[in-house]
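Numbering (my numbering), first residue to last: 6 to 621.
Ideal placement from N, C-alpha and C gives every residue a C-beta, glycine not left out.
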DNA sequence: TTAGGAAGGACCC
DNA sequence: CCCCAGGGTCCTTCCTAA
């Protein structure tokens, strides 16, 4: 929208530019790899992906984003016409407070393995070091530096990589191997900080403050060099590291000198803020493709650019986001690290991609196999879940999820399948011929499999208390001092640092894109009902002898006082809840009359415009 | 009003 | 074999039951 404001002569050109940029991926900024003829690479990638369904989908998303950005710009314009001095003042106070909370006393190190998977493979087959090589199939998980010279990068489609680098060698993933190697690396890290925080197997945070105290002869730099050297000696793996007064900065720093190097950000306000002032926004962890574009649109390219616009952050984005931006601008971040197993897992699931799948039977077969997979994972983790989540990706790459709270924790493939089937059935009706390229199942509301509420009484007892499942992983295998959870949170509270760390962005204020096509979701519930009935003998309890009886908490019907049967019925009722509107009476089998319109009537009502809260 | 369910996304590795 | 994964976390918005 710069020069010519014509309808759409060159607009496609414009659009493709940003798209091309996004296709090029984060590598050009995130990773330190430059010096590649990015023009050429971009061209190749663009041409290679052009016309594919994936590309089409990306285009649609890109258009949406563009629209959203227009909205943001409009609001910005409106805001600038107002007198926002109060805001400036308020934000400045906020900044002062943040600044006052700054803690530069800790020395945090972020250790990051270089092209981890590829490096591990090279250990087994040294000859691979000399040639471009990548790990992964359809999508590259990672690739060695030789391959990167061709513009190949992790996260790239395999066939595109092949075009960039015809001789590229592909290796299959071998997680066993990587896991072992990661363990070797960690053995070294633990010596410097027993409470190191392992990220995803190829990276970790260490707080070496204590270590430095105990080794006065060492500096942060020499200590880190020693860590890296020792890792290399022990695991034959080269790592990069970042040293900084907080985790966020350390993470950024470790990327600064990527292949086998390290970088330190001095623990002074000056050094930190100077560093941030020229740092591209995308370099920070929570800023991805989308947010980067939004920020750039309003004139924020580096973190230094935030300051002049600081008063617009709040009204333009959400509160959380505004706070996040300020924190980054100031170069603040968390100053503690702790073992990941003091962490509660929130969900567990599995998904898989396949070629165009359609038809009731194939889809059900896939659902079944997915359920079987998930059952294994659940068993492995000794977990049950109380909410099923079905995820589906159409052949057009559009993703939809349907979830259902069950009110009871389940874990067997059979249960999973039965719980998810109605969801699938609903989708089948929503999208006439349902054509999928991906299906996934995920459980949330996890509880410990060993003492999950299997009985109804507990169910209702727990219903109120959120997050009833309080199982903690007690892997004492490490043997390190295990801090009680409370103590930990107390400390956190006491230290007064706000934990807005891994803040993730999302569509802050969708300004509304009116491109929905009202689908006829009509028969969905009907089908779901049908399935629910057919799926099992869930409607049996009716004809039971009349001895002791319990009332169903859902439909109030009296039921035989027999655990299995009773639970089964309640399950049925719970699942029926969603479609209860389809059922006229509360008695009798659900014969689907006319269906719920719930989804239809929620139209597009006028969205509330931003509002500026009145300042006192 | 509020809490929690549901759906959609952004982002990370 | 698919010619752009899979495992997770967290944030937002909408909606409804209590």
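Rounded separation between residue i and residue j - CA only
| i | j | result |
| --- | --- | --- |
| residue 103 | residue 252 | 16 Å |
| residue 220 | residue 213 | 10 Å |
| residue 233 | residue 154 | 25 Å |
| residue 286 | residue 298 | 10 Å |
| residue 275 | residue 116 | 24 Å |
| residue 133 | residue 120 | 13 Å |
| residue 267 | residue 210 | 14 Å |
| residue 393 | residue 181 | 29 Å |
| residue 320 | residue 86 | 13 Å |
| residue 184 | residue 192 | 12 Å |
| residue 24 | residue 293 | 14 Å |
| residue 445 | residue 423 | 15 Å |
| residue 236 | residue 269 | 19 Å |
| residue 432 | residue 360 | 18 Å |
| residue 108 | residue 225 | 17 Å |
| residue 484 | residue 344 | With a pLDDT of 22 at residue 484, under the threshold of 50, the predicted position of this residue should be treated as unreliable, though the coordinate-derived value follows. So the alpha carbons of these two residues sit roughly 12 Å apart. |
Continuous beta strand (DSSP E) stretch holding residue i: start and end
| i | result |
| --- | --- |
| residue 54 | Element bounds for residue 54: not the beta strand (DSSP E) but the alpha helix (DSSP H), 43–54. |
| residue 212 | 208–212 |
| residue 118 | 113–118 |
| residue 363 | 352–363 |
| residue 392 | 388–399 |
| residue 174 | 174–176 |
Boundaries (first-last residue) of the alpha helix (DSSP H) holding residue i
| i | result |
| --- | --- |
| residue 253 | 252–261 |
| residue 407 | Residue 407 -> not in any alpha helix (DSSP H); beta strand (DSSP E) instead, spanning 404–415. |
| residue 226 | 225–240 |
| residue 73 | 58–85 |
| residue 129 | 121–129 |
| residue 279 | 274–282 |
| residue 89 | Here residue 89 belongs to no alpha helix (DSSP H), and DSSP marks it neither H nor E. |
| residue 321 | 315–321 |
Within 9 Å, strictly: CB atoms of residue i and residue j
| i | j | result |
| --- | --- | --- |
| residue 140 | residue 122 | yes |
| residue 395 | residue 353 | no |
| residue 118 | residue 229 | no |
| residue 263 | residue 245 | yes |
| residue 156 | residue 178 | no |
| residue 277 | residue 364 | no |
| residue 149 | residue 124 | yes |
| residue 454 | residue 414 | yes |
| residue 421 | residue 376 | yes |
| residue 250 | residue 112 | yes |
| residue 429 | residue 369 | yes |
| residue 161 | residue 176 | no |
| residue 54 | residue 63 | yes |
Reference residue i, options the options, closest by Cα
| i | options | result |
| --- | --- | --- |
| residue 378 | 356, 162, 324, 215 | 356 |
| residue 327 | 95, 87, 90 | 95 |
| residue 442 | 424, 418, 399 | 399 |
| residue 330 | 289, 429, 294, 240 | 289 |
| residue 197 | 71, 406, 223, 175 | 223 |
| residue 106 | 206, 338, 254, 72 | 338 |
| residue 261 | 174, 56, 247, 272 | 247 |
| residue 227 | 114, 380, 447 | 114 |
| residue 97 | 427, 332, 432 | 332 |
| residue 56 | 239, 406, 401 | 401 |
| residue 371 | 90, 358, 77 | 358 |
| residue 350 | 383, 311, 279 | 383 |
| residue 346 | 306, 437, 426, 204 | 204 |
| residue 58 | 167, 158, 403, 265 | 403 |
Residue i, buried or exposed, once every other Cβ within 10 Å from all chains shown has been counted against 16
| i | result |
| --- | --- |
| residue 171 | exposed |
| residue 256 | buried |
| residue 341 | buried |
| residue 202 | buried |
| residue 316 | buried |
| residue 665 | With the chain running from 6 to 621 in the structure shown, residue 665 is simply not present. |
| residue 216 | buried |
| residue 348 | exposed |
| residue 45 | exposed |
| residue 258 | buried |
| residue 218 | exposed |
| residue 296 | buried |
| residue 254 | buried |
| residue 334 | buried |
| residue 434 | buried |
| residue 626 | Shown here, the chain extends from 6 to 621; a query on residue 626 therefore has no answer. |
| residue 313 | exposed |
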